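0 is the number of the first residue of the sequence shown in numbering that gives the first Met the number 0; add one for each residue after it. Let me begin by presenting the structure, written as structure tokens, before commenting on it.
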Amino acid sequence: MTDSSSSTGSHTLMSLMSVLLLVLLYLGGEDVFEIAIGNARYMGGESLLWLAGSVGYVAAALVVAGLCIWAITSPETLISWYDRSLAPRIEKLGWARWAIAGLAILFPSILFLGIWGKSLTAASFRILILFLSAVAAGLVVSEKSARAFPNIALSLLLGASVFGVSKRLILVTDYPFKLYWSEGNRLWDYSLYFLRGQYLVEGDFTFPTYLTPGRHGLWGLPFLIPGATIATLRLWDVVLWTLPYLLLGWLFFTAKRTNLSWRLRFGIALWMLVYLTLAGTFAPLVLSAILLAWLLNSSRPLRAALLAAVAGFYAGISRWTWFAAPAVWAGLWILLDVDTEPHRKRRFVRSLGVGAAGLFGGIAAQALMSVAFPRPEAVFSTAFSQPLLWYRLLPNALSQQGILRSLLIAIGPLVVLLIWGGLQGRPRWGWLEWSALWLSLAGFLGLGIAASVKIGGGNNLHNLDMFMMTLLFALAWVAFRWLRREGRKWSSFPGGIQALLVLAILIPSFDVMRSGRPTRLPDENAVQESLEIIRAEAARADVVLFIDQRQLLTFGQVGDEPLILDYELKHMMNQAMSSNQEYFDQFEDDLAAQRFDLIVSDALPGFLRGSDYQFGEENDVWLKFGAGLLNKYYVPIRKLPTGIWLLAPKPTG
Numbered sequence: 000m001t002d003s004s005s006s007t008g009s010h011t012l013m014s015l016m017s018v019l020l021l022v023l024l025y026l027g028g029e030d031v032f033e034i035a036i037g038n039a040r041y042m043g044g045e046s047l048l049w050l051a052g053s054v055g056y057v058a059a060a061l062v063v064a065g066l067c068i069w070a071i072t073s074p075e076t077l078i079s080w081y082d083r084s085l086a087p088r089i090e091k092l093g094w095a096r097w098a099i100a101g102l103a104i105l106f107p108s109i110l111f112l113g114i115w116g117k118s119l120t121a122a123s124f125r126i127l128i129l130f131l132s133a134v135a136a137g138l139v140v141s142e143k144s145a146r147a148f149p150n151i152a153l154s155l156l157l158g159a160s161v162f163g164v165s166k167r168l169i170l171v172t173d174y175p176f177k178l179y180w181s182e183g184n185r186l187w188d189y190s191l192y193f194l195r196g197q198y199l200v201e202g203d204f205t206f207p208t209y210l211t212p213g214r215h216g217l218w219g220l221p222f223l224i225p226g227a228t229i230a231t232l233r234l235w236d237v238v239l240w241t242l243p244y245l246l247l248g249w250l251f252f253t254a255k256r257t258n259l260s261w262r263l264r265f266g267i268a269l270w271m272l273v274y275l276t277l278a279g280t281f282a283p284l285v286l287s288a289i290l291l292a293w294l295l296n297s298s299r300p301l302r303a304a305l306l307a308a309v310a311g312f313y314a315g316i317s318r319w320t321w322f323a324a325p326a327v328w329a330g331l332w333i334l335l336d337v338d339t340e341p342h343r344k345r346r347f348v349r350s351l352g353v354g355a356a357g358l359f360g361g362i363a364a365q366a367l368m369s370v371a372f373p374r375p376e377a378v379f380s381t382a383f384s385q386p387l388l389w390y391r392l393l394p395n396a397l398s399q400q401g402i403l404r405s406l407l408i409a410i411g412p413l414v415v416l417l418i419w420g421g422l423q424g425r426p427r428w429g430w431l432e433w434s435a436l437w438l439s440l441a442g443f444l445g446l447g448i449a450a451s452v453k454i455g456g457g458n459n460l461h462n463l464d465m466f467m468m469t470l471l472f473a474l475a476w477v478a479f480r481w482l483r484r485e486g487r488k489w490s491s492f493p494g495g496i497q498a499l500l501v502l503a504i505l506i507p508s509f510d511v512m513r514s515g516r517p518t519r520l521p522d523e524n525a526v527q528e529s530l531e532i533i534r535a536e537a538a539r540a541d542v543v544l545f546i547d548q549r550q551l552l553t554f555g556q557v558g559d560e561p562l563i564l565d566y567e568l569k570h571m572m573n574q575a576m577s578s579n580q581e582y583f584d585q586f587e588d589d590l591a592a593q594r595f596d597l598i599v600s601d602a603l604p605g606f607l608r609g610s611d612y613q614f615g616e617e618n619d620v621w622l623k624f625g626a627g628l629l630n631k632y633y634v635p636i637r638k639l640p641t642g643i644w645l646l647a648p649k650p651t652g
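Rendered as structure tokens:
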């Protein structure tokens, strides 16, 4: 590609980023003024501070807008000014410029997860701050304008990744009660493979239907450490939502012997983190993918088959719906690798063999689970009896964008890049390769859509994890081929492809910024008061049912209370969404007989909500089957400041 075309592509990219920044300045300004006007209703220093901040925003926005207009109308002049005037001054800063870049990258996390974060929740303003911080960090470490765009992209990914990890780290606390719906009971779940002997189980022990060693056992590994605390488990949760994704991005290309700089490898790892965070992909599925990405070799089909079987087995013991995914990924990788084996028939046979091995591993996992970990009912027993809420595909109270629009935004640039990349070079994919790829994607897309519209889903893209991982494997092969055969640099791509690459970086990075605020927990006095009341009431009761907050038993916050396995919040909610009348008839019989002297629960809903509210249908089925029965036979005797309700039988007569 000539210098002229490369320069044109850079100018197109600069114009795209400038236009985007102008739009964000406008939207962010609307958010700032809305907050300032709201605070100005109250007299005092806080409102004056917001007004002063608004004035400062206008001044800064005018300067940035001027630079953006300059970049759009005369990019050559701006680049020349940067190289001649600004870059030499930046270089004189020496190592201080790296400190400045580090502070710029940390700034969004400090601002939005600190005391200001409770007010600065608007997505457009958050995205603007991330973008400006990345531009500042990227420019301050660039000696020449030619390095600016890659450095800005890396800074953007790093800033988004730091924010994403930080908003999880602020949840690492020794707070003894749950931090969000069912979190406490999940910590109890994780303990069952390791601390089963410490529980005084009433009746026969059976593993909960939803429990799997690949997923819940992985999250429970810290229980192998003597004296592991609730904070230890929460820190491990952060590790599992971070490290596997970084490893997948790093190993995809490190293992393939591509001559990538550490900077590019690091950028790919960061992109993988924000992309898989957007996809909501759980660590076990990522670990299965890591095994294939790291060691799979198309020229060694026997080893590939073994790896596919192991990956399929681990995915299968983690979640039954995942059992076939590694088989598809491994088979696709073999089939798409037209460079290693140009002969289509041999490649097709190899891909079938490797895929069959992966499928065998997934099926073997299901067989083992049924024998080694017996459960009261089949794991898929409720999967086909729950209603489908198709309206959640479109914008609704639960998801502002809806599933379809969110998915299109997330994958649109990636699909175009995949098609463009698949049509480059020789030999190219033929009808067989393209058909296998689109059929695989379509199959996982259909499964993901069905799971997303099922009651209980639809608030994010995590049910489309297999689809998005399959797309990732295909994209990784295309990128691997580019890097291995073409050795392309950023500036060598056409302007349109550069724009798509920028969007592929921006979209998941921006999505990370949409949520996250300072943690707000009850004060220590409220926590201790709640613990003391629960202990006292439990000590007076003979039979205590922990519908919720079972982690209190796990970490010894209450005495050795007999554990009743039957009625646990997540399991009960799943049965309610399936309208399992038989299950709740038994529950009603137990409540009517006053089997439980005390019930520990979260606050019970009191009225129907419907689809106009977030998770309205879920609220309604829980009210109908669970909370309704509790309200009928039991009465709250304590409503604790930590949001916990203690229920006792209603007086008879």
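Glycine residues also receive a C-beta, built at the ideal position from the N, C-alpha and C atoms. Remember, predicted model here, so these are calculated numbers, not experimental data.
Roughly how many angstroms separate the alpha carbons of residue i and residue j, rounded to a whole number?
i      : j      : result
Phe176 : Gly315 : 32 Å
Pro648 : Trp180 : 25 Å
Thr205 : Phe372 : 8 Å
Ile333 : Gln574 : 42 Å
Leu12  : Ile89  : 23 Å
Ser451 : Leu305 : 32 Å
Ala409 : Leu392 : 15 Å
Val200 : Tyr632 : 24 Å
Ser297 : Ile114 : 52 Å
Leu102 : Arg96  : 10 Å
Gly447 : Tyr390 : 15 Å
Val237 : Val62  : 39 Å
Pro517 : Arg125 : 14 Å
Ile289 : Lys91  : 43 Å
On the CB-based measure, 16 or more other CB atoms within 10 Å of its CB, does residue i come out buried or exposed?
i      : result
Ser4   : Reliability fails at Ser4, whose pLDDT of 48 lies under 50, so the model's placement of it is uncertain and no value is given.
Thr211 : buried
Lys344 : exposed
Gly43  : The predicted model places Gly43 with a pLDDT of 48, which falls under 50 and marks its position as unreliable, so this point remains unresolved.
Pro412 : buried
His342 : exposed
Tyr25  : exposed
Glu658 : In the structure as shown, the chain starts at 0 and stops at 652, and residue 658 therefore has no counterpart that could be examined.
Asn462 : buried
Trp428 : buried
What residue from the options has the CA that sits closest to residue i's CA?
i      : options                           : result
Leu444 : Thr120, Ile402 and Leu474         : Ile402
Ile643 : Leu629, Ala626, Arg608 and Ala602 : Ala602
Arg637 : Phe614, Pro650, Ser298 and Ser600 : Ser600
Leu157 : Trp218, Arg262, Val31 and Leu66   : Arg262
Arg346 : Tyr56, Leu306, Pro207 and Arg299  : Arg299
Ala538 : Asp596, Pro493, Ser577 and Glu523 : Asp596
Leu590 : Met576, Gly625, Gly605 and Glu617 : Gly625
Trp270 : Gln400, Phe509, Glu617 and Ala540 : Phe509
Met572 : Gly456, Thr276 and His461         : Gly456
Leu301 : Ile546, Ile68 and Gly352          : Gly352
Gln385 : Leu639, Val620, Glu75 and Phe32   : Val620
Gly279 : Pro74, Glu587, Ala364 and Asn458  : Asn458
Gly183 : Ile546, Pro604, Ala535 and Leu562 : Ile546
Report all residues from its chain with a CB closer than 7 Å to the CB of residue i; omit the five preceding and five following residues, and keep chain order.
i      : result
Leu186 : Ile229, Leu232, Gln550 and Thr553
Leu472 : The amino acid occupying residue 472 in the given sequence is Phe; Leu does not appear at that position. For Phe472, where only same-chain residues beyond five positions count, the Cβ hits under 7 Å are Trp328, Leu331 and Trp332.
Ala323 : Leu358 and Gly361
Ala58  : none
Would you say residue i lies against chain B (beta-carbon separation less than 8 Å)?
i      : result
Leu194 : Reference to chain B is not applicable here, since this structure consists of a single protein chain.
For residue i, which residues in the same chain have their Cβ closer than 8 Å to its Cβ, ignoring the five residues on either side in sequence?
i      : result
Leu19  : Phe130 and Leu505
Asn150 : Ala136, Gly137, Leu138, Val140 and Ser141
His570 : Pro207, Thr208 and Tyr209
Phe162 : Pro107, Ser108, Phe111, Leu112, Leu129, Val511, Met512 and Gly515
Leu474 : Leu413, Leu416, Leu417 and Gly420
Closer than 6 Å by C-beta to residue i: which residues in its own chain qualify, once you throw out the five before and the five after it? Chain order, please.
i      : result
Val337 : Pro426
Tyr174 : Leu520
Gly213 : Pro283, Tyr313, Ile316 and Ser317
Arg579 : For clarity, residue 579 is Asn in the given sequence; the question names Arg instead. Nothing meets the Cβ criterion.
Trp218 : Tyr189
Any idea which residues DSSP pairs residue i with across the strands?
i      : result
Tyr633 : Pro648
Ile402 : None, per the DSSP bridge assignment.
Phe545 : Val599
Pro561 : Leu199
Ile643 : Asp601
Lys453 : Leu387
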